[in-house]
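*Asks:*
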Amino acid sequence: MFSDFDFDVIQRSLPYLFKEGMTFTLELTVCAMIGGIILGTLLAMMRLSKYRVLSAPAGMYVNLTRAVPLLLVIFWCYFLMPYVCGYVLHRLYLVSPSAVGDTLVDLFGYQVKDGQPVQIGAFASTLVTFTLFQAAYYCEIMRSGILSVSRGQEGASYALGLNYWQSMFYVILPQAFRNMLPVLLTQTIILFQDTSLVYVLSITDFLGAASKVAQRDGRLVEMYLFAALVYFAICLVLSYGVRRLQRRIAIVR
Amino acid sequence: MNYNWNWHIFWEASPDGSGTYLDVLLNGLQWTLATSLSAAVLAFFLGSIVGVMRTTPSRALRAFGTAYVELFRNIPLLVQMFLWYFVLPELLPTAMGNWVKAMAPPWASFFPAVACLAFFTSARVAEQVRAGIESLSSGQRLAGLATGLTLTQTYRYVLLPVVYRIITPTLTSELMNVIKNSSVALTISLVELTSATRSMQEFSFQVFEAFTAATLIYVFINIVVVIVMRILEKKTTIPGFFSGKAEEPSTE
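Each protein sequence line maps, in turn, to chains V and H.
Residue numbers for the first sequence, in the working numbering: 1 to 253.
Residue numbers for the second sequence, in the working numbering: 1001 to 1252.
1) Is PHE1203 (chain H) near SER1014 (chain H), with beta carbons less than 8 Å apart?
2) Return the CA-CA distance between PHE1211 (chain H) and MET1053 (chain H), expressed in angstroms with no decimal places.
3) Output the distance between the C-alpha atoms of CYS1116 (chain H) and PHE1072 (chain H), rounded to the nearest integer angstrom.
4) First and last residue of the alpha helix (DSSP H) that includes ILE34 (chain V)?
5) List the whole-angstrom C-beta distance separating ASN1074 (chain H) from LEU236 (chain V), where the pair is believed to meet the contact cut-off of C-beta under 8 Å.
6) Do you know how far the Cα of PRO1239 (chain H) is from the Cα of ARG52 (chain V)?
7) Count the CB pairs spanning the region 1097-1108 of chain H and the region 1168-1187 of chain H that are closer than 8 Å, and state whether there are at least three.
8) So, under 8 Å CB-CB, GLY86 (chain V) and GLN116 (chain V) are touching, yes? Tell me the CB distance rounded to an integer number of Å.
9) Taking LEU220 (chain V) as the query, report the chain H residues whose CB atoms sit under 9 Å from its CB, ordered along the chain.
10) Rounded to whole angstroms, how far is the Cβ of ILE1112 (chain H) from the Cβ of LYS1101 (chain H), which I believe are closer than 8 Å?
11) For the region 64-132 of chain V, list the alpha helix (DSSP H) runs that are entirely contained and at least 4 residues long, ordered along the chain.
12) Please classify ASP4 (chain V) as buried or exposed, where buried requires at least 16 other C-beta atoms within 10 Å of its C-beta.
13) Our contact map puts LEU1042 (chain H) next to VAL1184 (chain H) with C-beta atoms below 8 Å; I'd like the distance itself, whole angstroms only.
14) To the nearest angstrom, how far is it from the Cα of TYR1085 (chain H) to the Cα of TYR199 (chain V)?
15) Under 7 Å Cβ-Cβ, which residues of chain V neighbour THR1215 (chain H)?
16) In chain H, which residues lie less than 7 Å from LEU185 (chain V) when you measure between Cβ atoms?
17) Going by other Cβ atoms of all chains shown within 10 Å of its Cβ, with 16 needed for buried, is SER1138 (chain H) buried or exposed?
18) Taking CB distances under 8 Å as the criterion, tell me whether LEU207 (chain V) reaches chain H.
19) Just to confirm, is the Cβ distance from THR1215 (chain H) to LEU72 (chain V) under 8 Å?
20) Use the C-beta contact count for VAL1069 (chain H): other C-beta atoms within 10 angstroms, 16 or more gives buried, fewer gives exposed.
21) Between SER148 (chain V) and the rest of its own chain, which residues show a CB-CB distance below 6 Å, the 5 nearest in sequence each way excluded?
22) I want to see whether chain V comes within less than 8 Å of ASN1074 (chain H), judged by CB atoms only; does it?
23) At 3 residues or longer, and completely inside the region 1072-1110 of chain H: list those beta strand (DSSP E) runs for me, N to C.
24) Below 8 Å, can you find three or more Cβ-Cβ pairs linking the region 183-200 of chain V to the region 54-61 of chain V?
25) Kindly list the residues whose CB is nearer than 6 Å to the CB of GLU1247 (chain H), restricted to its own chain and excluding five residues on each side of it in sequence; keep chain order.
26) Rounded to the nearest angstrom, what separates VAL9 (chain V) and LEU207 (chain V) at their Cα positions?
27) Cβ of PHE75 (chain V) less than 8 Å from any chain H Cβ?
28) What do you reckon, is the C-beta of ALA1104 (chain H) under 7 Å from a heavy atom of the ligand FAD?
29) Since I believe VAL1024 (chain H) is in contact with ALA1213 (chain H) (beta carbons under 8 Å), could you give me their beta-carbon distance rounded to a whole number of angstroms?
30) Hey, out of V:PHE18, V:LEU70, V:ASN163, V:LEU104, whose CA is closest to VAL88 (chain V)'s CA?
31) Which residues, in order along the region 164-181 of chain V, keep a beta-carbon less than 9 Å from a beta-carbon of chain H?
32) Can you grab the Cα-Cα spacing for the pair LEU1026 (chain H) / LEU1193 (chain H), in whole Å?
33) Report yes if the C-beta distance between VAL1207 (chain H) and LEU1175 (chain H) is below 8 Å; otherwise report no.
34) Give the DSSP bridge partners of ALA1013 (chain H), in chain order.
35) Rounded C-beta distance between TYR1218 (chain H) and ALA67 (chain V)? I'm assuming under 8 Å.
36) List, in order along the chain, the chain V residues whose C-beta lies closer than 9 Å to that of PHE1318 (chain H)?
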């Protein structure tokens, strides 16, 4: 069944697959991970706040995001972002037409038009999608991370005269990150796998590149098997790394 | 924002002649439920078998279980979907491959989607079953064997009945996951809910009404699943035994 297997098509497209495709996938993964962890940590702090005005919206955001499929969120952002950006830019423009207008033309060559939708690049659109979506998952991880630090630590830092932000940044969060590092990394592996879904916007990520070559050359079997193999190898190595890290961290406690 | 809202669009006829746009979405919902529920049932049984394998004394079975879980966990769902849909028919013997490719439209994407979701989810169920079995004290297994039960009987009558009660919360989130993951089947042209939403958006140009409706439907399914599983959890609790609250990873 592998007799008419064409390994050459893989070799020919290697530069395209990795230089264009994998670069996009990795950039998206790393940026969305950083953005997602920052936003997720803020959301976790909000969810644990004693003020309902903070905890209720954060809880709603997290539960809503976790209830819908990522594909739907990708489509939502893809169609909604141009409108939102157009609206926001127009509002800013109305505040200070000369300053904002000139800056936008200088930076992006963008002329503000009466709240018209703005063209947004594929990378920016997907980056926002994945950051917003993953933030909800990172939030739940960070929330249990913060809760895993004993309450005495919080009391002790207040007793030393630190305020909320100081106690969070110098005492609680460093320990929360350390405790949750393996889980955060596991979530990042899931994020890495999920970035393949940008395929639906015809973006050239690793799978997108493989699929374009596959359809151009009529070599679906070879290209998809190769893509699966590459993803498998990367994720397997990463997850073994995480497991080793987990064991090393576990000894400390 | 420069956008014309039109919430009446759901009651207008869709151009594909199958009724209103609402009917299009509900039809998609049916396929979402059909796909994900059949995949969930298969995944439950497959996952239980593989999870049990990973805890048996046999080295070969354990190795097989580990390989199985690693294989299905480390390949993105979308790639697995393509493997089932595009690659598998080519690798089968020619006659069988042709038969698969010649299936009528909804079934040609329905069966690969169900198979893909079932195997993908079964790896995760297997991990939960294994973790559940390992969380029981080893005395349970030993006591079962000491009373003269075979290994199979020990699993069937002693270990698993308790394990399923422990892992009900994580199985609940897994059931939610399989419903959400079924949206990936739109890439192999199964017209499930997300895909139906997309086609409604393309025909009617009412992007945000369509997506809002889909979001609400998914949230509604989520709520129903959580309620049903909570009732199930209550019904199956053994009075005086643990309350089934073992390390619940936030599934509210």
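C-beta: ideal position from N, C-alpha, C; glycine also.
These numbers were taken from a predicted model, which means no experiment stands behind them.
*Replies:* Quick answer:
1) Against the second sequence, residue 1203 (chain H) aligns to sequence position 203. Against the second sequence, residue 1014 (chain H) aligns to sequence position 14. For PHE1203 (chain H) and SER1014 (chain H), yes; Cβs fall inside 8 Å.
2) Here the question's residue 1211 (chain H) lines up with position 211 in the second sequence. Here the question's residue 1053 (chain H) lines up with position 53 in the second sequence. Going by the C-alpha atoms only, they are around 42 Å apart.
3) Against the second sequence, residue 1116 (chain H) aligns to sequence position 116. Against the second sequence, residue 1072 (chain H) aligns to sequence position 72. For CYS1116 (chain H) and PHE1072 (chain H), the distance between alpha carbons rounds to 9 Å.
4) Position 34 of the first sequence holds residue 34 (chain V). It spans 23-47 - the alpha helix (DSSP H) in which ILE34 (chain V) sits, taken as one unbroken run.
5) Position 74 of the second sequence, counting from 1, holds the residue named residue 1074 (chain H). Position 236 of the first sequence, counting from 1, holds the residue named residue 236 (chain V). Yes, ASN1074 (chain H) and LEU236 (chain V) are in contact; Cβ-Cβ is about 5 Å, under 8 Å.
6) If you number the first sequence from 1, residue 52 (chain V) lands on position 52. If you number the second sequence from 1, residue 1239 (chain H) lands on position 239. For the pair ARG52 (chain V) and PRO1239 (chain H), the Cα-to-Cα distance works out to about 36 Å.
7) no
8) In the first sequence, residue 86 (chain V) corresponds to position 86, counting from 1. In the first sequence, residue 116 (chain V) corresponds to position 116, counting from 1. So it is a contact: roughly 5 Å between Cβ atoms.
9) The residue you call residue 220 (chain V) lines up with position 220 of the first sequence. Simply PHE1082, PHE1086, VAL1087, GLU1090.
10) Here the question's residue 1112 (chain H) lines up with position 112 in the second sequence. Here the question's residue 1101 (chain H) lines up with position 101 in the second sequence. Note that residue 1112 (chain H) is Pro in the sequence shown here, rather than Ile. About 11 Å separates the two Cβ atoms, so there is no contact after all.
11) 70-95, 97-108
12) The count along the first sequence starts at 1 and reaches residue 4 (chain V) at position 4. Flag for ASP4 (chain V) reads exposed.
13) In the second sequence, residue 1042 (chain H) corresponds to position 42, counting from 1. In the second sequence, residue 1184 (chain H) corresponds to position 184, counting from 1. That belief does not hold up - the Cβ atoms of LEU1042 (chain H) and VAL1184 (chain H) are roughly 17 Å apart, past 8 Å.
14) What you label residue 1085 (chain H) is simply residue 85 of the second sequence in a count that begins at 1. What you label residue 199 (chain V) is simply residue 199 of the first sequence in a count that begins at 1. In a straight line, the C-alpha of TYR1085 (chain H) is about 16 Å away from that of TYR199 (chain V).
15) Taking the first residue of the second sequence as 1, we reach residue 1215 (chain H) at position 215. Chain V residues near THR1215 (chain H): VAL68, LEU72.
16) For this step, residue 185 (chain V) is matched to residue 185 along the first sequence. The premise fails here: LEU185 (chain V) is roughly 14 Å from chain H at the closest Cβ pair, so nothing lies under 7 Å.
17) The residue you call residue 1138 (chain H) lines up with position 138 of the second sequence. By the 10 Å Cβ count, SER1138 (chain H) comes out exposed.
18) Reading the first sequence from its first residue, position 207 is the one you call residue 207 (chain V). Taking 8 Å as the CB threshold, LEU207 (chain V) lines the interface with chain H.
19) For the purposes of this step, residue 1215 (chain H) is taken as residue 215 along the second sequence, with counting starting at 1. For the purposes of this step, residue 72 (chain V) is taken as residue 72 along the first sequence, with counting starting at 1. Going by C-beta atoms, THR1215 (chain H) is nearer than 8 Å to LEU72 (chain V).
20) Locating residue 1069 (chain H) in the second sequence gives position 69, where the first residue counts as 1. That one is buried.
21) Position 148 of the first sequence, counted from the start, is the residue given in the question as residue 148 (chain V). Closer than 6 Å at the Cβ level, and outside the excluded window around SER148 (chain V), lie ASN179.
22) Against the second sequence, residue 1074 (chain H) aligns to sequence position 74. Contact with chain V is found for ASN1074 (chain H), since one of that chain's Cβ atoms lies less than 8 Å from the residue's Cβ.
23) none
24) Not touching, per the Cβ criterion.
25) Position 247 of the second sequence, counted from the start, is the residue given in the question as residue 1247 (chain H). Confidence is the limiting factor: at GLU1247 (chain H) the pLDDT is only 46, short of 50, which leaves the residue's position unreliable, though a coordinate-based value still follows. Result list for GLU1247 (chain H): empty, nothing under 6 Å.
26) In the first sequence, residue 9 (chain V) corresponds to position 9, counting from 1. In the first sequence, residue 207 (chain V) corresponds to position 207, counting from 1. In a straight line, the C-alpha of VAL9 (chain V) is about 15 Å away from that of LEU207 (chain V).
27) Within the first sequence, the letter at position 75 stands for residue 75 (chain V). Yes, contact with chain H.
28) The ligand FAD is absent from the structure shown, which contains no ligand whatsoever.
29) As a working mapping, residue 1213 (chain H) is identified with position 213 in the second sequence. As a working mapping, residue 1024 (chain H) is identified with position 24 in the second sequence. Rounded, the Cβ-Cβ distance is 10 Å, inconsistent with contact.
30) Residue numbering aside, residue 88 (chain V) sits at position 88 when the first sequence is read from its first letter. If you compare the alpha carbons of V:PHE18, V:LEU70, V:ASN163, V:LEU104 with that of VAL88 (chain V), the shortest gap goes to V:LEU104.
31) none
32) Along the second sequence, one-based indexing puts residue 1026 (chain H) at 26. Along the second sequence, one-based indexing puts residue 1193 (chain H) at 193. It is roughly 8 Å from the alpha-carbon of LEU1026 (chain H) to the alpha-carbon of LEU1193 (chain H).
33) Locating residue 1207 (chain H) in the second sequence gives position 207, counting from the first residue. Locating residue 1175 (chain H) in the second sequence gives position 175, counting from the first residue. No. Outside cutoff.
34) Counted from its first residue, the second sequence places residue 1013 (chain H) at position 13. Partner(s): H:THR1020.
35) Taking the second sequence and counting its residues from 1, one reaches residue 1218 (chain H) at position 218. Taking the first sequence and counting its residues from 1, one reaches residue 67 (chain V) at position 67. About 6 Å separates the two Cβ atoms, so the contact holds.
36) Outside the displayed range of chain H (1001 to 1252) lies residue 1318 (chain H), so it cannot be described from this structure.
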